[in-house]
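Those protein sequences? They're chains G and Y, same order as listed.
Count along the first sequence starting at 1, add 67, and that's the number in the numbering used here.
Count along the second sequence starting at 1, add 67, and that's the number in the numbering used here.
The C-beta atom is built at its ideal place from N, Cα and C for all residues, glycine as well.
Just so it is clear, the structure is predicted and the values come from calculations on it, not from any experiment.
Okay, structure first, notes after.
There are 2 protein chains.
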Amino acid sequence: MNGLMMDVPATITSLMQFAENVHPNTEIVSVTADNPRHRYTFADAFRRTRKLANALQALGVARGERVGTLAWNDYRHFELYYAVSCAGMVCHTINPRLFAEQIEYIVNHAEDRVLFLDPMFIPLLEPLQSKLPGVKHYVVLTDEQHMPATELPGAISYEALIEPHSDSYDWPALEETAACALCYTSGTTGHPKGVLYNHRSTVLHTYASCLPDALGISRSDVILPIVPMFHVNAWGVPYGAVMAGAKLVFPGPKMGDGETLAALINEERVNLSAGVPTVWLALLNYLVESGKRVDSLKRIVVGGAACPLSIMEDFEEKFGVYTHAAWGMTEMSPVGTFNSRLDRQALGEAEYAKLRVKAGRPIYGVEIKIVDDDNRPLPWDGVAFGALKVRGPWICSEYFKLESSAAHDQDGWFDTGDVATIDADGNMQITDRSKDVIKSGGEWISSIDLENTAVAHPAVAEAAVIGVYHPKWTERPLLLVVKKADAEVSREELLAWFDGKVASWWVPNDVVFVDSLPHTATGKLSKKDIRQQMADYRFAE
Amino acid sequence: MNGLMMDVPATITSLMQFAENVHPNTEIVSVTADNPRHRYTFADAFRRTRKLANALQALGVARGERVGTLAWNDYRHFELYYAVSCAGMVCHTINPRLFAEQIEYIVNHAEDRVLFLDPMFIPLLEPLQSKLPGVKHYVVLTDEQHMPATELPGAISYEALIEPHSDSYDWPALEETAACALCYTSGTTGHPKGVLYNHRSTVLHTYASCLPDALGISRSDVILPIVPMFHVNAWGVPYGAVMAGAKLVFPGPKMGDGETLAALINEERVNLSAGVPTVWLALLNYLVESGKRVDSLKRIVVGGAACPLSIMEDFEEKFGVYTHAAWGMTEMSPVGTFNSRLDRQALGEAEYAKLRVKAGRPIYGVEIKIVDDDNRPLPWDGVAFGALKVRGPWICSEYFKLESSAAHDQDGWFDTGDVATIDADGNMQITDRSKDVIKSGGEWISSIDLENTAVAHPAVAEAAVIGVYHPKWTERPLLLVVKKADAEVSREELLAWFDGKVASWWVPNDVVFVDSLPHTATGKLSKKDIRQQMADYRFAE
Chain G
68 MNGLMMDVPA TITSLMQFAE NVHPNTEIVS VTADNPRHRY TFADAFRRTR
118 KLANALQALG VARGERVGTL AWNDYRHFEL YYAVSCAGMV CHTINPRLFA
168 EQIEYIVNHA EDRVLFLDPM FIPLLEPLQS KLPGVKHYVV LTDEQHMPAT
218 ELPGAISYEA LIEPHSDSYD WPALEETAAC ALCYTSGTTG HPKGVLYNHR
268 STVLHTYASC LPDALGISRS DVILPIVPMF HVNAWGVPYG AVMAGAKLVF
318 PGPKMGDGET LAALINEERV NLSAGVPTVW LALLNYLVES GKRVDSLKRI
368 VVGGAACPLS IMEDFEEKFG VYTHAAWGMT EMSPVGTFNS RLDRQALGEA
418 EYAKLRVKAG RPIYGVEIKI VDDDNRPLPW DGVAFGALKV RGPWICSEYF
468 KLESSAAHDQ DGWFDTGDVA TIDADGNMQI TDRSKDVIKS GGEWISSIDL
518 ENTAVAHPAV AEAAVIGVYH PKWTERPLLL VVKKADAEVS REELLAWFDG
568 KVASWWVPND VVFVDSLPHT ATGKLSKKDI RQQMADYRFA E
Chain Y
68 MNGLMMDVPA TITSLMQFAE NVHPNTEIVS VTADNPRHRY TFADAFRRTR
118 KLANALQALG VARGERVGTL AWNDYRHFEL YYAVSCAGMV CHTINPRLFA
168 EQIEYIVNHA EDRVLFLDPM FIPLLEPLQS KLPGVKHYVV LTDEQHMPAT
218 ELPGAISYEA LIEPHSDSYD WPALEETAAC ALCYTSGTTG HPKGVLYNHR
268 STVLHTYASC LPDALGISRS DVILPIVPMF HVNAWGVPYG AVMAGAKLVF
318 PGPKMGDGET LAALINEERV NLSAGVPTVW LALLNYLVES GKRVDSLKRI
368 VVGGAACPLS IMEDFEEKFG VYTHAAWGMT EMSPVGTFNS RLDRQALGEA
418 EYAKLRVKAG RPIYGVEIKI VDDDNRPLPW DGVAFGALKV RGPWICSEYF
468 KLESSAAHDQ DGWFDTGDVA TIDADGNMQI TDRSKDVIKS GGEWISSIDL
518 ENTAVAHPAV AEAAVIGVYH PKWTERPLLL VVKKADAEVS REELLAWFDG
568 KVASWWVPND VVFVDSLPHT ATGKLSKKDI RQQMADYRFA E
């Protein structure tokens with residue numbers, strides 16, 4: 068027997084219309100290439116969103132077709148999020164930091180009909196455009212006055228595109244299962260793979276990520292999403308702020324610039340922000356060097372990579388800013404787990420430090436489990452580690468135009484490719500990527516644990532650990548180290564550093580000092596490249 | 068084109084299983100008839116929930132069938148919520164304060180197969196049971212030791228019922244549209260009408276009501292739901308606490324007892340509670356008289372009726388407790404609007420007092436509008452008032468076994484039967500019930516505004532305003548007043564009290580002093596009975 072409740076679909080359109088009614092005067096502040104401080108309200112934004120929807124229709128983009136963006140975090144990108152998705156099209160956000168060949172592949176694979184790009188990406192697109200036959204229109208995210216000369220065929224400025232159109236538009240009634248957005252993962256092997264979100268997954272994810280023990284977004288918040296809007300929808304912040312009516316502050320192209328970030332935080336009274344560890348390190352360094360403060364800022368969310376404890380401690384001790392670790396994936400919309408605020412006094416210093424670097428508990432809607440090689444569930448004891456699998460309404464069921472994926476179980480779970488522990492309280496901690504885990508004599512060694520131990524050494528700037536063939540143990544850990552400028556440390560000192568910090572059989576067999584380590588387009592260590600560089604390495608013995 | 072996200076239904080089962088995994092050690096503390104302080108964990112609760120599901124199956128209750136409860140807020144009622152709904156049956160909570168004839172009607176209309184009842188309701192049910200032919204089993208919510216003698220046929224204690232059954236149970240895979248719970252509205256006219264919730268509506272409502280600008284429930288909270296679990300699922304608290312992992316404190320039959328409530332709050336460190344105004348008045352009176360404090364308590368949520376400003380002020384000034392007004396209906400699961408924490412300093416005293424007694428903003432998922440007699444939308448200016456209509460996934464589409472309802476528009480909106488204003492910030496304020504609004508010379512006068520003005524007079528304990536026939540204006544307001552003990556005030560003094568507080572043409576035409584005013588089973592003023600009592604009243608003129 069069915070309940071007798073209204074059949075109202077969960078759509079981004081309803082989210083937008085709710086905010087337009089209930090939060091019309093909430094501000095959105097943006098840094099753009101053509102304006103250091105653009106400022107308007109939700110009411111203004113959604114009025115222009117309707118003009119844009121009319122313009123997209125006039126360009127001939129049909130329901131379900133993809134509209135690509137190569138853009139920073141600002142108000143025009145925000146308008147694209149809502150106009151494209153609510154008109155029933157698919158907003159395909161592209162990472163402009165990818166290699167040109169990857170962008171070419173992605174645009175063609177997604178079959179983007181229109182590309183919206185920031186002026187600074189014109190030089191990136193001009194040499195590519197002949198290889199992008201499906202793209203019918205190029206729209207540059209600026210106004211007529213700032214429109215650069217370009218060879219992109221038929222290029223038009225965003226303001227010229229929307230200006231002639233009416234600001235009234237009848238949003239179509241969409242099924243909640245309709246696709247709304249597309250984001251490609253920049254995997255380390257093979258072609259990027261597309262994750263196709265739908266309206267339902269976006270709305271449910273927004274509810275869960277706004278809960279008090281996750282981002283905890285309220286109407287009194289001022290949020291600076293530093294995580295790019297091309298990086299899994301800026302972790303959902305552009306939706307969460309709209310649900311809650313929180314003021315948005317968009318840093319535009321200045322997201323890596325500590326000085327701009329500090330100025331934005333202080334001028335706009337930002338109290339909550341989200342970004343990857345490198346951004347926080349840049350801000351921290353700027354603040355320490357300049358002697359500036361960010362007193363309005365209360366909480367930052369860090370994801371995309373494990374956050375070193377030292378960054379968390381520095382923000383808390385020096386600036387009164389609490390750091391939340393969170394974990395997710397492009398395939399997960401992205402939030403999977405969140406480390407909610409911990410009670411330092413109740414936990415004591417050691418437990419507090421240990422718990423806060425974990426990835427936190429799943430948010431409701433995400434089921435997690437760890438399994439062994441035979442897919443048998445492992446205990447939640449904080450010690451056992453195994454392949455981390457997830458399930459839920461905002462987790463991808465398959466990749467766009469790829470019928471099957473090895474990452475999906477027959478029982479519907481998605482294999483994250485991570486290896487993790489889960490403790491009795493549900494706190495998850497990534498111990499490795501599945502393909503980076505080192506299998507020594509049939510037992511697993513966490514490369515990440517070893518890397519974290521190595522970087523805690525005062526002379527180490529960056530460290531990587533890979534498994535290398537060993538005749539007796541099959542694999543043994545090899546440590547690669549980039550020393551800090553002017554710091555000195557020997558192989559023997561480094562290996563001794565591990566004594567008592569990890570199990571004795573985990574201690575790396577050797578250390579190689581290098582000038583730098585290779586990274587992926589999203590700033591992570593590229594273990595694939597490291598393994599390639601070290602292909603000829605053999606343990607002495 | 069559909070997105071490629073997992074098709075995972077939003078069910079109460081998934082909520083329960085999430086909490087069992089992630090919050091196993093969260094506590095539930097209960098006062099029951101047979102134990103002044105029962106204490107166990109979520110893990111214990113859901114283990115017993117599986118035993119209960121097996122027992123229900125053994126009783127022969129089929130999918131979709133109704134299981135009735137006549138019970139206070141405690142752990143066994145909590146187990147019933149989850150066992151019945153997750154087994155695919157319908158948990159029908161019955162208000163034991165209704166008249167016997169209404170209970171008889173409701174049990175028969177719902178076709179309850181089993182009734183679970185607290186021991187104190189045996190005397191209520193015994194004389195009724197012969198008129199309840201559909202009820203096959205009576206289960207008394209106690210253990211063998213405390214089981215009273217009863218004539219209820221085949222009565223068994225709850226503990227004896229579940230004891231023999233296994234604590235393992237395969238929860239069925241349910242559609243999210245499946246019915247999960249049933250609650251009858253005790254309308255002032257006609258038979259009670261049943262609202263049939265489904266899993267989806269419950270999960271979405273739980274997400275929205277846990278958001279920071281609504282109940283804002285987190286894992287660090289300790290919640291005392293004083294609002295009964297037979298009163299629209301205790302406003303969703305038994306679901307919200309499970310989603311967040313918040314400790315639950317159930318007051319059992321002691322919900323109106325200020326002393327017990329204060330003791331529970333202090334012993335269990337309750338920081339958040341929810342209930343109707345009369346409960347808060349009882350607690351406030353107890354605290355003031357006893358000199359006791361409730362220092363752990365930070366926030367209370369008040370709904371079910373408008374909360375007098377004086378209660379809010381007393382709690383804040385004397386006890387440091389913030390009061391949130393909220394508004395909803397049985398037909399709305401129930402939360403529709405919530406008055407989130409206001410910034411007293413930023414608003415200033417007058418604006419703060421004015422805003423905080425409003426019902427607040429809609430939570431995302433609820434659309435609201437006010438319309439005139441021709442169903443045309445009225446402006447959100449805080450002045451225009453009209454019929455309040457609502458729409459959303461946790462609002463009833465029709466009543467149980469009633470094919471059509473005058474309360475539903477052709478365009479799918481539900482007419483709340485309230486008259487309201489909405490301001491530019493989305494803050495809603497109920498000005499009247501549609502049928503209580505006084506139509507004077509074609510213009511509307513709010514009976515509630517007049518009542519609020521009257522009760523602000525120091526000599527007035529309670530006030531009611533009804534419209535009475537007037538030869539010239541069709542209707543004019545008549546004020547009925549219950550004076551405070553030992554207080555004195557004249558008709559003329561009271562009418563003069565309105566000068567400058569309301570428009571001059573709103574001032575009541577007359578005052579009638581009465582010893583008491585009639586109330587409904589849920590404690591609201593019964594305007595129907597008042598109108599009946601005053602049927603022969605005529606304005607002098």
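Contact test: residue i Cβ vs the ligand GTP heavy atom, cutoff 7 Å
{"i": "V532/Y", "result": "Among the ligands in the structure shown, none appear at all, so the ligand GTP cannot be discussed."}
Cross-chain neighbours of residue i in chain G, by beta carbon under 9 Å
{"i": "Y251/Y", "result": "Ordered by position in chain G, no residue passes the 9 Å Cβ test against Y251/Y, which lies about 13 Å from the chain."}
According to DSSP, residues forming a beta bridge with residue i
{"i": "K260/Y", "result": "T252/Y"}
{"i": "L455/G", "result": "I437/G"}
{"i": "W394/Y", "result": "T404/Y"}
Exposure of residue i, with buried meaning 16 or more beta-carbon neighbours within 10 Å
{"i": "W572/G", "result": "exposed"}
{"i": "N88/G", "result": "buried"}
{"i": "H176/G", "result": "buried"}
{"i": "Q496/G", "result": "buried"}
{"i": "G425/Y", "result": "Note on residue identity: the sequence assigns Lys, not Gly, to residue 425/Y. K425/Y is buried by the Cβ-count criterion."}
{"i": "P200/Y", "result": "exposed"}
{"i": "A313/G", "result": "buried"}
{"i": "E416/Y", "result": "exposed"}
{"i": "V355/G", "result": "exposed"}
{"i": "R428/G", "result": "buried"}
{"i": "Y536/G", "result": "exposed"}
{"i": "H586/Y", "result": "exposed"}
{"i": "A86/G", "result": "buried"}
{"i": "L469/Y", "result": "exposed"}
Contact list for residue i against chain Y, beta-carbon separation under 7 Å
{"i": "I284/G", "result": "P279"}
{"i": "Y274/G", "result": "Y274 and A275"}
Among the options, the one whose alpha carbon lies nearest that of residue i
{"i": "N352/G", "options": "F386/G, E335/G and H537/G", "result": "F386/G"}
{"i": "G358/G", "options": "S377/G, W480/G and G325/G", "result": "G325/G"}
{"i": "P190/G", "options": "L137/G, L71/G and N300/G", "result": "L137/G"}
{"i": "G127/G", "options": "K203/G, A373/G and E334/G", "result": "K203/G"}
{"i": "D141/G", "options": "S224/G, L278/G, V174/G and P305/G", "result": "P305/G"}
{"i": "I505/Y", "options": "A530/Y, P544/Y, P194/Y and A526/Y", "result": "P544/Y"}
{"i": "I430/G", "options": "G590/G, I284/G, S407/G and A413/G", "result": "S407/G"}
{"i": "G319/G", "options": "D485/G, L291/G, G303/G and N333/G", "result": "L291/G"}
{"i": "D111/G", "options": "Q124/G, P91/G and V388/G", "result": "P91/G"}
{"i": "S276/G", "options": "A308/G, M296/G and A329/G", "result": "A308/G"}
{"i": "A602/G", "options": "S583/G, G534/G and V157/G", "result": "G534/G"}
Neighbouring residues, chain G, relative to residue i (Cβ below 7 Å)
{"i": "N265/Y", "result": "N69, G70 and M72"}
{"i": "C247/Y", "result": "G70"}
{"i": "V467/Y", "result": "Residue identity check: residue 467/Y is Phe in the sequence provided, not Val. Near F467/Y (Cβ distances below 7 Å), the residues of chain G are L71."}
{"i": "M310/Y", "result": "Y431"}
Proximal chain G residues relative to residue i, where beta-carbon distance stays under 8 Å
{"i": "L82/Y", "result": "Y431"}
Residues near residue i by beta carbon distance below 6 Å, same chain, minus five either side
{"i": "F467/G", "result": "G261 and L263"}
{"i": "Y251/Y", "result": "I173, P259 and G261"}
{"i": "F317/Y", "result": "S97, N140 and D141"}
{"i": "G493/G", "result": "R428"}
Residue-chain proximity (residue i, chain A), Cβ-Cβ < 8 Å
{"i": "I462/Y", "result": "Chain labels in this structure do not include chain A; the protein chains are G and Y."}
Neighbourhood of residue i by C-beta, 8 Å cutoff - its chain only, sequence neighbours within 5 removed
{"i": "A552/G", "result": "A528"}
{"i": "D566/G", "result": "V574"}
Interface partners of residue i on chain Y, CB under 8 Å
{"i": "A454/G", "result": "Here the premise fails: no neighbours, minimum Cβ distance about 17 Å."}
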